[in-house]
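These notes concern the structure reproduced below.
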Amino acid sequence: MARSHDELQFSSLYLARFASSFGFMTVLTLLPDYIDALGATGVTIGLFVTALEVARTVGIVPLGWAADRYSKRTILLGALALSAVAYLSFSLVVSVDGFLVSRTLQGLGMTGTGLVGLALMGDLAPDDSRANYIGRYNAVRMAAGIAGTVGVGVLYALTGFDVVFGLIAVLFVLATVGIWLFVDPDETSVAGFAFTDLALNRRILTMTTFRAQYAVAVSLVRKWVPIFVGVSAAQGGLAYGSAVVGAVLAAEKFTNMLVQPVTGRLSDRHGRALFVFAGGGAYGLVAMAFPFAPAATELFSVSLPIAGEVTGAVAAAVCLNGLLGVADAFREPASMALFADEGKGEGITSSFGVRSLVWKPGSVFAPLLGGWVMGTAGIEWVFFAGGVAALSGVVTFFGVLSWNHGRRALRQW
4 MARSHDELQF SSLYLARFAS SFGFMTVLTL LPDYIDALGA TGVTIGLFVT
54 ALEVARTVGI VPLGWAADRY SKRTILLGAL ALSAVAYLSF SLVVSVDGFL
104 VSRTLQGLGM TGTGLVGLAL MGDLAPDDSR ANYIGRYNAV RMAAGIAGTV
154 GVGVLYALTG FDVVFGLIAV LFVLATVGIW LFVDPDETSV AGFAFTDLAL
204 NRRILTMTTF RAQYAVAVSL VRKWVPIFVG VSAAQGGLAY GSAVVGAVLA
254 AEKFTNMLVQ PVTGRLSDRH GRALFVFAGG GAYGLVAMAF PFAPAATELF
304 SVSLPIAGEV TGAVAAAVCL NGLLGVADAF REPASMALFA DEGKGEGITS
354 SFGVRSLVWK PGSVFAPLLG GWVMGTAGIE WVFFAGGVAA LSGVVTFFGV
404 LSWNHGRRAL RQW
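Using our numbering, the first residue of the sequence shown is number 4, and each one after it goes up by one.
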């Protein structure tokens, strides 16, 4: 009976994670359509991304503190309800300002669902297989990402914005009901302000030397892949519609979904820092290969329903984005488990909050940098900058880890 109850709790958290990722990937997939419809260019495109990240940053500390001090379950329920409202508002957007408002609401909801949901998962998971459980949790996120790219790209082409965002709102309502009915009230309470102690934790400080730089890499590469595939050739893109954009984005989610549960289990056994190092380095190398995708244009050309004419450049973009998913699958469950290990019993939501805060400077300012680079040097240089940031983070992490914790720390952590 206890096992059945635990499964219901995990399943409810999976559904909440699915809804959050599905909504996020839907907007990301449709971003080129919003850009073209609203006439956004250059820095304005960067603002479309930055508005989301600013909102996500603002909520980290108060939500993390409240979840540890009072109730993770209550905070998660509120975030799910706010998210339902946010995604309904996207169907009403008619101006740049309206889109920025919707992105802000989306960001606030994502902070609650992402941060607090992950903390609950880390709390419920067994200590000796935490990365494995987190890997499964993230695999659900990737499955939602696939549905939010391929499926939504086709659905939008057939029905428009209203049906797409109405479907997302229904998912959030179902997730809210699931959390309310099946997840036990949170009985843990951490007095004081856990952020302060955890921010000075020696292992967490070592992780931040990598994570702060890697945030720049992922924010540039992940956000510019759909832009690269979807915007007009005049802006350096491949000029494909939402269905093709969705297929390219789904490749990363699909490979990540398949690989992450396996890499999470392996990192539990063989050293989580090693997997962070390997995944970060591979991500940087693949990112710098992305601008060469158009060179494959002449390899073949085929006409497909809805998508239209598809060339070898699309196939190259799908393959490269799939490799980015494999690279990130090595890093993500290992990184999350390291932060959960340090926060367990001391303020696990706050530990993940520190992890998120370290990410935010890069995620907020990198899109503005990307917009400027795209407007002045060309879209390909956005990917080169992202690749360099990832490799720089890996080198710094290895140096600090070896200096402070010994040469074997890469396999011992």
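For glycine and all other residues, C-beta sits at the position ideal for the given N, C-alpha and C.
Check residue i in the structure and name its three-state DSSP category.
i, result
"T314", "strand"
"S15", "helix"
"S24", "helix"
"P129", "coil"
"R358", "helix"
"W416", "coil"
"L261", "helix"
"V96", "coil"
"R410", "coil"
"T209", "helix"
"L203", "coil"
"Y90", "helix"
"L44", "Note on identity: in this sequence residue 44 is Thr, with Leu being the wrong assignment. In the structure shown, T44 sits in coil (DSSP, three-state: anything other than H, G, I, E or B)."
"G274", "coil"
"S338", "helix"
"I351", "helix"
"V143", "helix"
"P188", "coil"
"S245", "helix"
"I171", "helix"
"I1", "Because the chain is modelled from 4 through 416, residue 1 falls outside the range shown and cannot be assessed."
Starting from the C-beta of residue i, find all residues in its chain whose C-beta is less than 6 Å away, skip the five residues before and the five after it, and write them out in chain order.
i, result
"F387", "M291"
"L41", "V99"
"G165", "Strictly speaking, residue 165 in this sequence is Asp, with Gly absent from that position. Closer than 6 Å at Cβ, skipping near neighbours: S94."
"F293", "L323, F386"
"R358", "F342"
"N27", "Sequence check: residue 27 is Phe here, not Asn. Answer for F27: no residue qualifies."
"F13", "none"
"A204", "Here the sequence assigns Asn to residue 204, which means Ala is not the residue at that position. Taken in chain order, the residues that qualify are E345."
"F175", "A22, L83, S86, A87"
"A332", "N259, V262, Q263, T266"
"Y17", "V143"
"V254", "In the sequence as presented, Val is not what sits at residue 254; that position holds Ala. Contacts found: V321, N324, G325."
"M377", "V385"
Go ahead and label residue i buried or exposed: buried means 16 or more other beta carbons lie within 10 angstroms of its beta carbon, across all protein chains shown.
i, result
"W183", "exposed"
"W362", "buried"
"L121", "buried"
"F295", "exposed"
"T379", "exposed"
"T114", "buried"
"S270", "buried"
"W416", "buried"
"M4", "Annotation note: pLDDT 49 at M4 (below 50); position unreliable, coordinate value reported separately. M4 comes out exposed."
"V173", "exposed"
"D189", "buried"
"R272", "exposed"
"N259", "buried"
Please go through the same chain and pick out, in chain order, the residues whose beta-carbon is closer than 8 Å to the beta-carbon of residue i, but skip the five residues on each side of it.
i, result
"A250", "T152, V153, G156, A310, V317, V321"
"F355", "G67, L118, L121, A122, G125, M339, F342, A343, G346"
"A160", "G244, S245, A246, I309"
"I351", "D71, A122, G125, D126, A343"
Note down the Cα distance separating residue i from residue j, rounded to an integer number of angstroms.
i, j, result
"S366", "V391", "16 Å"
"P65", "A299", "48 Å"
"V247", "V232", "8 Å"
"V450", "I48", "Residue numbering for the chain in the displayed model covers 4 to 416; residue 450 lies beyond these limits and cannot be assessed."
"G282", "F102", "34 Å"
"L372", "L261", "32 Å"
"F21", "R139", "12 Å"
"G63", "T211", "Checking the sequence, you will find Ile at residue 63 rather than Gly. If I take the Cα positions, the gap works out to 16 Å."
"V61", "S132", "32 Å"
"A128", "R59", "25 Å"
"P364", "V57", "9 Å"
"S86", "L252", "22 Å"
"F25", "W384", "29 Å"
"L80", "N141", "20 Å"
"R268", "L55", "32 Å"
"D36", "L288", "29 Å"
"V397", "Y286", "10 Å"
"L31", "P229", "7 Å"
"A19", "R225", "22 Å"
Might you give, ordered along the chain, the residues of its own chain that have their beta carbon closer than 7 Å to the beta carbon of residue i, omitting 5 neighbours on each side?
i, result
"T29", "G151, V155, V167, I171"
"L277", "L413, R414"
"R410", "none"
"R275", "A134, A337, A340, L341, W416"
Could you confirm whether any beta carbon from chain B is found closer than 9 Å to the beta carbon of residue i?
i, result
"V88", "Given the protein chain composition of this structure (a single chain), no chain B is represented."
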